[in-house]
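Under full-length UniProt numbering, think of the first position of the sequence shown as 1, with each following residue one higher. The structure appears below as structure tokens.
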Amino acid sequence: MGIGEAITKFFHDMGILELRIRNEHPAYAKLSYNSSLYLDIISAHQGEYTPSKLADMLHIARPSVTQKINVLEKAGYVTRKQNPADKREYFLYFNADSFDADTQFIYTKLNKQISESMEQRYSKEEIEKFSEMLSYIGEICLDERL
């Protein structure tokens, strides 16, 4: 299989995985796909994003992000915490307690399962190279020119 085919297959498989998670876990079923993607982004980088940073990163209007965050905050999924260094700025945090215990850790479990499986199958050097490649793929995917 060539690199292009492998990348297409990977995106395909990740799409199926995302939809399975959203269909099989009741907490996700209550959310729109768009809302669940916001939660994925915020939960992966607790306290790193502000609504303005999200808007810039997603190339959408700030009021659109603010509106989505307001809905998620009202539902208890997200909390804003004021930046002590700049009182005008609020960092976003995912409230893990808004999900049941099984759903809270689905990505943690998946990450652990994949890591352990890879470590059994590949050498440390191969894993380091693969990790470097994944980071590079992420950079390409988030390239502003796409």
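Just so it is clear, CB atoms sit at the ideal spot from N, CA and C, and this is done for glycine as well. In this text the structure is predicted, and so the values were computed from the model without any measurement.
- Nearest to SER64 by alpha-carbon distance, out of GLU73, ASP86, PRO51 and LEU31, is PRO51.
- Under DSSP, THR79 shares a beta bridge with TYR93.
- In the three-state reduction of the DSSP assignment, LYS87 falls in the strand class, which pools E and B.
- For GLU139, the uninterrupted alpha helix (DSSP H) run begins and ends at 124 to 141, by DSSP.
- Between TYR107 and PHE94 a beta carbon distance of about 11 Å is seen, past the 8 Å cut, so the two are scored as non-contacting.
- For the pair LYS68 and SER43, the CB atoms are not nearer than the 8 Å cut-off.
- The alpha carbon of ALA96 has as its nearest neighbour, out of ILE3, ARG62, ILE127 and GLU73, the alpha carbon of GLU73.
- In the three-state reduction of the DSSP assignment, PHE99 falls in the coil class.
- GLY47 places its beta carbon less than 8 Å from that of PHE91.
- Rounded to whole angstroms, SER117 and ASP143 show a C-alpha spacing of 30 Å.
- Taking 8 Å as the cut-off, the beta carbon of TYR28 is found closer than this to the beta carbon of ARG22.
- Counting along the chain, the unbroken alpha helix (DSSP H) around LEU72 starts and ends at 62 to 74.
- Residue burial is scored here from C-beta neighbours: ALA55 has at least 16 other C-beta atoms within 10 angstroms and is therefore classed as buried.
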